[in-house]
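Going line by line, the protein sequences match chains A and S.
Under the working numbering, the first sequence is numbered contiguously, ending at residue 240.
Under the working numbering, the second sequence is numbered contiguously, ending at residue 126.
Written below as structure tokens is the structure these notes are about.
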Amino acid sequence: DGGITQSPKYLFRKEGQNVTLSCEQNLNHDAMYWYRQDPGQGLRLIYYSQIVNDFQKGDIAEGYSVSREKKESFPLTVTSAQKNPTAFYLCASSIKWGTGELFFGEGSRLTVL
Amino acid sequence: EDQVTQSPEALRLQEGESSSLNCSYTVSGLRGLFWYRQDPGKGPEFLFTLYSAGEEKEKERLKATLTKKESFLHITAPKPEDSATYLCAVPNTGGFKTIFGAGTRLFVKA
Chain A
128 DGGITQSPKY LFRKEGQNVT LSCEQNLNHD AMYWYRQDPG QGLRLIYYSQ
178 IVNDFQKGDI AEGYSVSREK KESFPLTVTS AQKNPTAFYL CASSIKWGTG
228 ELFFGEGSRL TVL
Chain S
17 EDQVTQSPEA LRLQEGESSS LNCSYTVSGL RGLFWYRQDP GKGPEFLFTL
67 YSAGEEKEKE RLKATLTKKE SFLHITAPKP EDSATYLCAV PNTGGFKTIF
117 GAGTRLFVKA
């Protein structure tokens, strides 16, 4: 079945550590996105990629980094510079950037100890 | 400023008690309005896309409608399995990113 796979589902981080969240899609979509979801707030865009080897900052990119070396993969690194990283992280894709509906993964919940 | 506002924040219904969720938006040149369903601890799941005022889409007990300023998600005779958070989203003016509302949490009691 085609879809988006995020891992790990749960992740705990100590202060000062970098962690990387994995996102893989087999939908052959060009565009991929990372969102952060906090209770009572809408999804906020961290980074997006229109096409392989290209990515752009979203609204809350500070303290995060991404890469897009393969069409299928768009990993997100939460660095120690992110002051409040505890959140639910969602990866999504769409056929083309800026068009159509988004397909989401199951999410990764990051907790800072 | 581009904005999406959903109301109410939470809605508690008895099984079979029909109601509506609201999504109001302020963007120029609407390029579509999207409804998603999100279960606790899961990613959102796409429900509907609406493109023009007057358009309606239906799926089981759900019907989405669109006007020039807002969209409604009507839930007819809901069941407990309809309990979820319903998210509304629109592309921003310029269409280069999607803006999400904070969602409406729906609880349906048997």
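Backbone N, C-alpha and C fix where the C-beta goes; we use that ideal spot for every residue, glycine too.
Hey, does residue i have any beta-carbon neighbour from chain S nearer than 8 Å?
i, result
"residue 233 (chain A)", "yes"
"residue 148 (chain A)", "no"
"residue 168 (chain A)", "yes"
"residue 228 (chain A)", "yes"
"residue 185 (chain A)", "yes"
"residue 129 (chain A)", "no"
"residue 172 (chain A)", "yes"
"residue 154 (chain A)", "no"
"residue 217 (chain A)", "yes"
"residue 225 (chain A)", "yes"
If residue i and residue j are in contact, beta carbons under 8 Å, what's the gap, nearest whole angstrom?
i, j, result
"residue 180 (chain A)", "residue 195 (chain A)", "6 Å"
"residue 217 (chain A)", "residue 170 (chain A)", "7 Å"
"residue 126 (chain S)", "residue 33 (chain S)", "That belief does not hold up - the Cβ atoms of residue 126 (chain S) and residue 33 (chain S) are roughly 12 Å apart, past 8 Å."
"residue 158 (chain A)", "residue 221 (chain A)", "5 Å"
"residue 240 (chain A)", "residue 141 (chain A)", "5 Å"
"residue 312 (chain A)", "residue 178 (chain A)", "The structure shown does not extend to residue 312 (chain A), since chain A spans only 128 to 240, so no value can be given for it."
When DSSP labels each residue in this structure, what does residue i get in the three-state scheme?
i, result
"residue 25 (chain S)", "coil"
"residue 96 (chain S)", "helix"
"residue 241 (chain A)", "Since the first residue shown for chain A is 128 and the last is 240, residue 241 (chain A) is missing from the structure and cannot be characterised."
"residue 207 (chain A)", "coil"
"residue 54 (chain S)", "strand"
"residue 178 (chain A)", "strand"
"residue 79 (chain S)", "strand"
"residue 141 (chain A)", "coil"
"residue 220 (chain A)", "strand"
"residue 41 (chain S)", "strand"
"residue 65 (chain S)", "strand"
"residue 125 (chain S)", "strand"
"residue 197 (chain A)", "strand"
"residue 112 (chain S)", "coil"
If you measure between the beta carbons of residue i and residue j, is that distance less than 8 Å?
i, j, result
"residue 109 (chain S)", "residue 45 (chain S)", "yes"
"residue 183 (chain A)", "residue 175 (chain A)", "yes"
"residue 205 (chain A)", "residue 145 (chain A)", "yes"
"residue 69 (chain S)", "residue 82 (chain S)", "yes"
"residue 143 (chain A)", "residue 207 (chain A)", "yes"
"residue 111 (chain S)", "residue 185 (chain A)", "no"
"residue 237 (chain A)", "residue 214 (chain A)", "yes"
Against chain A, does residue i count as a neighbour if the rule is that its beta carbon must be under 8 Å from one of theirs?
i, result
"residue 118 (chain S)", "yes"
"residue 107 (chain S)", "yes"
"residue 45 (chain S)", "no"
"residue 70 (chain S)", "no"
"residue 83 (chain S)", "no"
"residue 50 (chain S)", "yes"
"residue 123 (chain S)", "no"
"residue 73 (chain S)", "no"
"residue 42 (chain S)", "no"
"residue 24 (chain S)", "no"
"residue 79 (chain S)", "no"
"residue 60 (chain S)", "yes"
Requested in this report: Check whether the region 191-211 of chain A touches the region 145-158 of chain A, taking contact to mean three or more Cβ pairs, one atom from each stretch, closer than 8 Å.
Outcome: Judged by Cβ distances under 8 Å, the region 191-211 of chain A makes contact with the region 145-158 of chain A, as three or more pairs qualify.
Query raised in the report: Should the region 108-123 of chain S be called in touch with the region 30-46 of chain S, which here means at least 3 C-beta pairs below 8 Å?
Result: These segments touch.
Query raised in the report: Would you say the region 51-64 of chain S touches the region 96-104 of chain S, given that touching needs at least three Cβ pairs under 8 Å?
Result: Inter-segment contact for the region 51-64 of chain S and the region 96-104 of chain S is present: three or more beta-carbon pairs are separated by less than 8 Å.
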